[in-house]
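Data first, discussion second: the structure below is written as structure tokens.
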């Protein structure tokens, strides 16, 4: 019994000491020094895809000292407004007094904050330190202001403002900022080759190409098939549904002085053995479809039999033929390739959507 009492007292003593130790960890005296950057910002940060793995900046700040040694977690926060970090984005975090941020990470944060790709704008950064003591106010450093030019890996676009827009279902005339203004899209990031389909429902369509949704830069007519930023309005012969291509750098030398464009009218139809009940020509000629400027769809209702079909615009091959790209998503590609198919005979409504460049789709709806 005496041994048991001694053991119980020892356990209570250990528990008391443990509680005291925990209390010391939870309640910490304030810092004896201030949190502040010791590194300075560069004059500017031109971010590029090719240098994405490089270090954009190594941020260094003074270590915060406490009378009682304690771990501090530091966050580097970024904001588009140096006076407001309410919606800050965390660049990185560490327990050290410095952190390196890559070009790719700084670019991601800049785009998240709403900076415009390829335009120099401001990003404000600060360091916020916290400890395990939830009652302690976060320690906040001074603010560094960075001049950042971010990049994007999205396929570039060319908008097509002109006098045709309002009459063709696209919003305001001559307004590249209008969300409904149609655009061309390049094949992929870094490409200068653009394509797209545009409906122009006026007697004398006039337009230009703009790399952004503004008039800061615009490509106009520099002679037959050529483009220039000092050129006049471009035009096509008359109303119609046009397939338009642009190559801003045909020689690939980075000099856009040889930029060129082309437009050709397209009237789409459906063709193939599956169309036989409504189209006696089968694979020899297409059954014309009708374009609707409100839905921006080409449509036709027809009787079909089990078999294969395609969409065609008066000729085979190249950009006058649409082939199956992915049966699961009903996506199409321009040029020769796999046929589409219908399994059961019946009455169908065929819908062809070419309104989004390089994301062409179709639907076959039983009616």
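In the numbering used here, the protein residues as written are 6 to 372. Idealized CB from N, CA, C, for every residue including glycine.
Would you grab the beta carbon distance between residue i and residue j for me? Rounded to a whole angstrom, and I think it's under 8 Å.
i	j	result
residue 315	residue 174	At roughly 26 Å, the Cβ-Cβ gap does not stay under 8 Å, so residue 315 and residue 174 are not in contact.
residue 329	residue 366	That belief does not hold up - the Cβ atoms of residue 329 and residue 366 are roughly 11 Å apart, past 8 Å.
residue 210	residue 167	6 Å
residue 237	residue 225	5 Å
residue 200	residue 121	That pair is no contact at about 24 Å.
residue 149	residue 50	About 11 Å separates the two Cβ atoms, so there is no contact after all.
Out of curiosity, what's the CA-to-CA distance linking residue i and residue j?
i	j	result
residue 88	residue 131	11 Å
residue 59	residue 157	16 Å
residue 306	residue 297	14 Å
residue 57	residue 218	26 Å
residue 44	residue 74	25 Å
residue 334	residue 125	39 Å
residue 282	residue 310	7 Å
residue 135	residue 215	48 Å
residue 115	residue 91	16 Å
residue 368	residue 348	14 Å
residue 41	residue 144	10 Å
residue 80	residue 54	25 Å
residue 287	residue 276	6 Å
residue 229	residue 63	52 Å
residue 99	residue 273	59 Å
residue 191	residue 351	39 Å
residue 188	residue 239	15 Å
With a 10 Å radius around its C-beta and 16 neighbouring C-beta atoms as the bar for buried, classify residue i as buried or exposed.
i	result
residue 372	exposed
residue 153	buried
residue 47	exposed
residue 180	buried
residue 72	exposed
residue 164	buried
residue 222	exposed
residue 284	buried
residue 108	buried
residue 155	buried
residue 31	With a pLDDT of 45 at residue 31, under the threshold of 50, the modelled position of that residue is not reliable, and the figure given next carries that caveat. Classification for residue 31: exposed.
residue 267	exposed
residue 241	buried
residue 194	exposed
Thinking C-alpha only, which one of the options is nearest residue i?
i	options	result
residue 183	297, 193 and 220	220
residue 260	239, 233, 205 and 282	233
residue 101	94, 110, 78 and 120	78
residue 289	278, 299 and 295	278
residue 342	350, 358 and 323	323
residue 186	198, 193 and 205	205
residue 358	149, 223, 202 and 94	202
residue 128	112, 141, 138 and 140	112
residue 362	348, 339, 349 and 105	339
residue 312	252, 108, 263 and 280	280
residue 83	117, 63 and 252	117
residue 142	327, 39 and 321	39
residue 137	194, 66, 76 and 146	76
residue 235	256, 255, 251 and 213	213
residue 147	65, 105, 193 and 70	65
residue 86	327, 321 and 119	119
Short of 8 Å in beta carbon distance, which residues of its chain neighbour residue i, apart from the five on each side in sequence? Order them along the chain.
i	result
residue 325	271, 317, 318 and 319
residue 196	160 and 161
residue 299	174
residue 207	168, 169, 172, 173 and 244
residue 110	61, 96 and 97
Can you name, in chain order, every residue of its own chain whose Cβ lies under 6 Å from the Cβ of residue i, other than the five neighbours on each side?
i	result
residue 354	306, 370 and 372
residue 269	248
residue 345	314 and 329
residue 331	none
residue 356	302, 304 and 368
residue 293	274
residue 360	301
For residue i, which residues in the same chain have their Cβ closer than 7 Å to its Cβ, ignoring the five residues on either side in sequence?
i	result
residue 26	Any reading at residue 26 must be qualified, since the residue scores a pLDDT of 45, below 50, and its modelled position is unreliable; no value is offered.
residue 93	82, 83 and 84
residue 253	197, 261 and 264
residue 68	102
residue 123	154 and 156
Is there at least one Cβ from chain C nearer than 7 Å to residue i's Cβ?
i	result
residue 210	In the structure shown, chain C cannot be found, because there is only a single protein chain.
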